[in-house]
Structures are given as structure tokens and as C-alpha cells.
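*Asks:*
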Amino acid sequence: MTGWTVWLIVAGILIAAEIFTGTFYLLMIAIGCGAGALAAMTGLSFYAQCVVAGVTGGIVTVILRHSRIFRKHRPEAQRNPSVHLDIGQSVEIQQWDRASDGVCRSRVQYRGALWDVELLSSGTPTAGTFVIREIRGATLLVENRPT
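Right under this line is the structure:
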């Protein structure tokens, strides 16, 4: 059996193992083994083949690590509707009080309790229905309900 055949068999075994584990790292090592097979086809020595396979596997692993796959955007907990089920719900606000710092605040009865409410900068302080966009402690941050 030739050297490049052994490299391709090892790459195939790694691909099969990757299917069962669900990680991309074994796939990257399999790509390195494919590069080792190409090095074997060109007639490089076994040690050179190993270096080519290792360097290629390492480079594609680093590229994978810095790709978008590992940079999934996760919203902060106070804005994440999966964490706070109240986000996206509506509250009825009758009047706003403008504080000295320019932030509009109010108190609202919501789910059987009184909550502090702050208007986000994108909202307008009118009486009506507002949507909860964020929860910071015991304060609901709201904006006007889209029409």
C-alpha cells in the first residue's frame, strides 16, 4: 500500500469519527491528512509529509476557530427573550414623569406587582401601550408599541 493511500484512509476514518462526534476539529485534521496524501504523491519523505499534514491541519483549525461559527451573536441576558419571558410583552402606561437627568420614568402595575418603568431613548413619552424591550433589575425598559 502506498503512502498516499494510507493518508487517505486515515482521513476517511477521521471524517467518519467526526460524523459521530459532531465537532469540526476532526474534519480539520482530516484535511491535514489530505494534504499529507498530496505531499506523499509528490514524493516527499515521510517526515515532510507529517510536517505538511500537521501545518495544514493547524492552519485550517485556526481559521475555523476564528470563523463566524464560533462567534454566534447572543444577546445580553437582560435583553434576551429566552431568559426573560416578559420581553416583548405590552404594558399600559398612563403618565410619565421626566426626571432631572432627562429620563422619563413611571410606575406600572404589571403581573400583579408595581414595577419601575423607564422609557428608552427611541420612545416618546405619551400615554398608551408600550412594549418591554429590556429588564434591568426591577425596572422595565420600554418603547412605544409599533403601529
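The number in the working numbering is simply the position in the sequence shown, starting from 1, with 558 added.
Built from N, CA and C at the ideal position, the CB exists for glycine as well.
How should residue 684 be labelled, buried or exposed, when 16 other C-beta atoms within 10 angstroms of its C-beta is the threshold for buried?
*Replies:* So residue 684 counts as exposed.
*Asks:* Which residue comes first and which comes last in the beta strand (DSSP E) that contains residue 672?
*Replies:* Residue 672 -> beta strand (DSSP E) spans 671-677.
*Asks:* Could I get the ranges of all uninterrupted alpha helix (DSSP H) runs contained in the segment 575-617, with 4 residues as the minimum, in chain order?
*Replies:* DSSP runs (the alpha helix (DSSP H)) wholly in the segment 575-617: 583-599.
*Asks:* Bridge partners for residue 667 per DSSP, in chain order?
*Replies:* BP columns for residue 667 point to 672.
*Asks:* Below 8 Å on the Cβ atoms is my guess for residue 610 versus residue 589; work out the distance and round it to an integer in Å.
*Replies:* Not confirmed; about 12 Å, so no contact.
*Asks:* Specify the secondary structure class of residue 560 as computed by DSSP and reduced to three states.
*Replies:* Residue state, collapsed to three classes: coil.
*Asks:* Keeping to the same chain, check which residues put their C-beta closer than 6 Å to that of residue 607; ignore five residues upstream and five downstream.
*Replies:* If we look at residue 607 and ignore the five residues flanking it on each side, its Cβ neighbours are 594, 597 and 598.
*Asks:* How many Å lie between residue 639 and residue 701 at the Cα?
*Replies:* The straight-line gap from Cα to Cα measures roughly 16 Å.
*Asks:* Let's see if you can read the secondary structure: which residues bound the beta strand (DSSP E) around residue 692?
*Replies:* Counting along the chain, the beta strand (DSSP E) containing residue 692 begins and ends at 686-694.
*Asks:* Ignore the nearest five residues each way along the sequence and tell me which others in residue 567's own chain have a CB closer than 8 Å to its CB.
*Replies:* Excluding residues within five positions, none has a Cβ falling inside 8 Å.
*Asks:* Below 6 Å CB to CB, which residues in the same chain sit around residue 681 once its five sequence neighbours on both sides are set aside?
*Replies:* The residues are 701 and 702.
*Asks:* Can you tell me whether residue 692 is buried or exposed? The criterion is at least 16 other CB atoms within 10 Å of its CB, across all chains shown.
*Replies:* With 16 or more other Cβ atoms within 10 Å, it is buried.
*Asks:* So, is residue 505 buried or exposed, given that buried needs 16 or more other C-beta atoms within 10 angstroms?
*Replies:* Missing from the structure shown is residue 505; the chain here goes from 559 to 705 and no further.
*Asks:* Just reading off the beta strand (DSSP E) that residue 661 is part of, what are its end residues?
*Replies:* Run containing residue 661: none; DSSP gives neither H nor E here.
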